[in-house]
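This report refers to the structure that appears directly beneath it.
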Amino acid sequence: MDMRVKETDHTALTDPGRYFIDEPQAFNVHRDLFRDQALFELEMAHVFEAGWVFLCHESQLPNPHDFYTTQLGRTPVVVLRGEDGALRGFVNACPHRGTRLYTARHGTAQVQMCPYHAWCFDSAGHCVKIKDQSQAGYAPGFDGERHDLTPLAHLTSYQGFVFGALRADVPALADYLGDTRFFIDTFAEQSAQGMEILPGEVTYVYRGNWKLQVENTMDIYHLTTVHSTFAKIVQQRGEREASAAGADKVKAVNLGALSGLQAGTYTFPHGHTVFWGSDPLRENRALWAMRDDLLTRGVDAHKVEWMFRPRVLNFFPNIQFVDSACMQLRVIRPLAVDRTEMTMFCLAPRGEPREGRRRRLRQYEDFFNASGIATPDDVACYEDIHAGGLAHANSEWIQGFSRGMQHVVDGPDSHAREIGIRPLESCSGVEVQDETVFRGFYREWRRRLEAATHD
Ligand SMILES: [Fe+2]
């Protein structure tokens, strides 16, 4: 399948580089990346629909005939688990009229019937029935046409996380993920039974561009302003707990990673980025009770150490793994240049002790989601950024990529060498609150659009 927009569709494709100032001492992004509808269509074609995109986790469709629906750019997608247990990915549209076939988020269907004309498909994507076919008077060639669902070009899992691609000419998933697999492992190897996405999800829409969310999760500089209310609540709660002997001491996300403690970022090939910090209150984590088991069953000691560090893994273009007390998955779905849908999931190690699971859920509710104490404050900022970014009297260039420039080194730093990973760039220090890591995303964005001009 080739869904590329041709070069003549928009003049921007003749020079994607004009949206960036990328020099040794300066990096700026043009505001049009956040407000230009034509650019939005181009990035759907060349960023989302031309590469790997996260689709789901295997735990979301555990049994034969289970299905899970999602989006790959502008294309609705369904992942099916066949009778044989294998996962397959398809465009979620009936080949007859193009009607969306699976309308629920997830479920089980040995046979799925199109709601419009009742064509039926099995869980391997085969068309198994065309309603009232025998006397319809179809032309002789009709039987020879393909009536099955259109398969994705690729569907591959790593550690249970399922990725798909519409185009055949993408790198192997292992090459695409590269050394970021170390960090996925620090999520997935917390239990010998693997990771699961807990039932339920939270979805909300904000009025702003999707790349604001991409930046935010790596943006440590905003925490002490935007989340100061949260920090106060945590402090007051701690004081109350200290005075109430025997009270349940469920601690929330720790903002201590910001002040006086070591933190850093990594930029990897293909636009993936990582933030890591330090956590002086690691015993508050649900995983803390399982730490001896981790080492006993032979999990790499470096990975165990990193399981207790706050870390964010941003996969280009739209999936964010967050572990800043509890684990969370954020999926970014651009709806329009000024509309973005966020869906959040709580991740957990399978077989976790009951007390740990309870603690994890309370921490998850605390900080994240539309009902949490932190996420709504972030969303309010996105909407203010969008409002400010539409002011044409303002500078056309966004500045905000300069913190940490003097700390960036090419290749791995000492922390990366210790764990054997090879990022393109590393930045670490105390209270740097690095912004240079955002460049990794934008350089890949630019590379994708420049590649499209040469197709
Ligand atoms: Fe935030």
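Residues 436 to 890 in the numbering used here are what the sequence shown lists, from first letter to last.
We put the CB at the ideal spot given by N, CA and C, even for glycine.
Closest option to residue 470, judged by alpha-carbon separation, among 709, 771, 638, 458: 771. Assignment of residue 586 by DSSP, reduced to helix, strand and coil, places it in the strand class. Taking non-hydrogen atoms of ligand 1 into account, the C-beta of residue 657 is found less than 7 Å away from one of them. In terms of Cβ geometry, residue 585 and residue 525 form a close pair [threshold 8 Å].
The alpha-carbon separation between residue 809 and residue 649 amounts to approximately 16 Å. Distances taken from the Cβ of residue 661 to the heavy atoms of ligand 1 include one shorter than 7 Å. Judged by pairs of C-beta atoms under 8 Å, the segment 847-864 does not touch the segment 669-676, as fewer than three such pairs exist.
No Cβ-Cβ contact shorter than 8 Å links residue 867 with residue 609.
Shown here, residue 810 sits in a helix according to DSSP, grouped into three states.
Under the three-state reduction of DSSP, residue 566 is assigned to coil, being neither helix nor strand. The shortest C-alpha to C-alpha distance from residue 819 to any of 773, 830, 803, 856 is the one to 773. When the beta-carbon positions are compared, residue 560 and residue 493 stay at least 8 Å from each other. It is roughly 5 Å from the alpha-carbon of residue 541 to the alpha-carbon of residue 502. The count of Cβ pairs closer than 8 Å, one atom from the segment 738-754 and one from the segment 479-488, reaches three, so the stretches are in contact. Under the 8 Å Cβ criterion, the segment 698-708 counts as touching the segment 870-883, having at least three qualifying pairs. Judged by beta-carbon spacing, residue 534 lies within the 8 Å limit of residue 549, meaning their Cβ atoms are closer than that value. The three-state secondary structure of residue 670, taken from DSSP, is helix. By DSSP's assignment, residue 474 forms no beta bridge with any residue. A Cβ-Cβ distance of about 25 Å is found for the pair residue 858 and residue 604, leaving them out of contact under the 8 Å criterion. With fewer than three CB-CB distances shorter than 8 Å, the segment 823-840 does not count as touching the segment 659-671. Excluding residues up to 5 positions away in sequence, 836, 874 lie with their Cβ nearer than 6 Å to the Cβ of residue 462 in the same chain. At least one heavy atom of ligand 1 falls within 7 Å of the beta-carbon of residue 813. Beta-bridge pairing by DSSP links residue 463 to 456. Scanning 720, 452, 633, 632 for the CA closest to the CA of residue 759 turns up 720. Remark: C-beta atoms of residue 655 and residue 618 do not approach each other more closely than 8 Å. Under the 10 Å beta carbon count, residue 626 is surrounded by 16 or more other beta carbons and is classified as buried. Relative to ligand 1, even the nearest heavy atom lies 7 Å or more away from the CB of residue 804. When DSSP reads this structure, residue 771 sits in a beta bridge with 774.
For residue 763 and residue 621, the gap between their C-alpha atoms comes out near 13 Å. Residue pairing by DSSP places residue 555 opposite 548, 564 in a beta bridge. According to DSSP, residue 501 shares a beta bridge with 543.
Residue 857 carries a coil assignment under DSSP once its states are collapsed to helix, strand and coil. If the five residues before and after residue 806 are omitted, its C-beta is found closer than 8 Å to the C-beta atoms of 637, 800, all from its own chain and listed in chain order. Each of 551, 768, 456 was checked against the Cα of residue 641, and the nearest Cα belongs to 768.
Bounds of the alpha helix (DSSP H) holding residue 651 are 645-653. Relative to residue 601, the option among 529, 456, 482 whose CA is nearest is 482.
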